[in-house]
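Using this note's numbering, the letters of the sequence shown correspond one by one to residues -7 to 323. Note that beta-carbon positions come from the ideal geometry of N, C-alpha and C, so glycine has one too. Remember, predicted model here, so these are calculated numbers, not experimental data. Each remark here refers to the structure printed beneath this line.
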Amino acid sequence: MNHMSKISHSVLRRWQNSNSRLTSDDFILPLFISEDEDSKEPIPSMPDMLRIGVNELYEYILPLSKIGLKSVLLFGVLNSDCSKDETGAPADDQVGPVVKAIILLKEQFPQLLICCDVCLCEYTSHGHCGILNSDGTINNAASIRRISEVACTYAKAGAHVVAPSDMMDNRIGAIKTALKLMGDNKTCIMSYSSKFSSSMYGPFRDACKSGPQFGDRKTYQLPLGSSQLGQLTTERDIEEGADIVMVKPGMFYLDVVNAIKSRHPNHLLAVYQVSGDYVMVHDYATKSGNFKSIVCESLFSMKRAGADVIISYFTPVVLKWLHENGGILTP
Ligand SMILES: [Zn+2]
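Here it is in structure tokens:
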């Protein structure tokens, strides 16, 4: 049967593209919140990205909010390793960068959906995502207790969504219970549910100054060849009560995105176009002289695979294109 001759009309072509359409609702912008309140420091390994201090947030967000920014995902960045300890104490510091940013953004941009990454690796002296036993292995029970404390602090400060990125067993259930005990029944949990042990996180670790001091995170991140495990951990997190699940990294794992969406069509699914994806696409898109088409193609691919929400460093530039294009971009 000849299908190609049936899609020559532009309206027919647009119908074929309907599941890949982009609008401003689709995007979450990750933000690196610096401990230095006046910071507006470019990140050498990530073009166009800044480590930004709370005093600079309003001016940075205002123009984006005018062209449709709906949501941000906050990561804290400390100035030095001095305050880091074994338990990641600075993570839920009441005067730390993340808590300050939540309070400020709520006040300045009441419509903005504020998501907070919840992890310890940016704040622990050893750079791992949890609490360690004396032999250097992860203590799961102590870790999820600590991660729940941090999540509760962000929720109390006003975060709408807490997003645990550690991948440890039972942390979604633990956070849910801790929130409930606090009398909170409105904060959503976005779980980094399929987080692969990828080589694509390098620029992010540079941005956050958060590489592990020894060993790696392979014991709590998924082996990159296993689609089945990616689905199992997502099911684990859905059972524990995750409101939104996530696949990370995005671009090399679209088979996992598609499998999860097929199995859980009614569950919100986020895809993280990670720092390595971003730098790779940005680099080639710049060299090709066809920047917009290539960036958009990378984002269409995630929608086509089944993403409901895309966490992307391209959010500012895509919002600009959407604004110029009547609010919608189609392949
Ligand atoms: Zn971590």
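Other residues of its chain near residue i: CB distance less than 7 Å, five sequence neighbours each side excluded
i, result
"N11", "K295, R296"
"D247", "S219"
"K92", "V46"
Contacting residues, own chain, Cβ-Cβ under 6 Å from residue i (five flanking each side not counted)
i, result
"F283", "A277"
"G45", "S26, D28, E29, D30, S31"
"M243", "D269"
Residue i to residue j span [Cα, whole Å]
i, j, result
"L97", "L104", "8 Å"
"N403", "Q100", "Residue 403 is absent from the structure shown; the chain starts at -7 and stops at 323."
"E332", "A155", "Only positions -7 to 323 of the chain appear in the structure, and residue 332 is not among them; the question remains open."
"F306", "I286", "11 Å"
"A234", "G80", "24 Å"
"A133", "L124", "10 Å"
"Q8", "L314", "20 Å"
"N250", "R209", "25 Å"
"N47", "D85", "18 Å"
"S63", "S57", "9 Å"
"I164", "S126", "25 Å"
"E51", "H120", "33 Å"
"V3", "L21", "31 Å"
"P257", "D161", "24 Å"
"F206", "S117", "11 Å"
"F67", "L23", "6 Å"
"P89", "K76", "14 Å"
Reduced DSSP category for residue i - H, G, I as helix; E, B as strand; rest coil
i, result
"C74", "coil"
"C113", "coil"
"S191", "coil"
"R209", "coil"
"Q100", "helix"
"P156", "strand"
"V239", "strand"
"G68", "strand"
"A147", "helix"
"K312", "helix"
"F19", "strand"
"K92", "helix"
"C288", "helix"
"L246", "helix"
"F306", "coil"
Residue i: CB within 7 Å of a non-hydrogen atom of ligand 1
i, result
"C107", "no"
"C121", "yes"
"C111", "yes"
"S157", "yes"
Close-in-space but distant-in-sequence residues of the same chain around residue i (CB under 8 Å, 5 per side omitted)
i, result
"S254", "G298"
"T129", "T211"
"S37", "G194, P195, D198, A199, S267, V271"
"A166", "I136, R137, I139, S140"
"G319", "T15, S16, G60"
"G150", "I94, I95, K98, I106"
"A147", "V154, L171, M174, D176, T179"
"L261", "I236, V237, M238, V239, V249, I252, K253, G298, A299, D300, V301"
| request: Would you check if there are 3 or more beta carbon pairs closer than 8 Å linking the segment 193 to 208 to the segment 168 to 184? | output: no
Note to self: Under 8 Å, with one C-beta from each stretch per pair, do the segment 181 to 193 and the segment 216 to 233 reach the 3-pair mark?
What the structure shows: yes
Is the segment 133 to 146 close to the segment 105 to 115, with three or more CB pairs under 8 Å? yes
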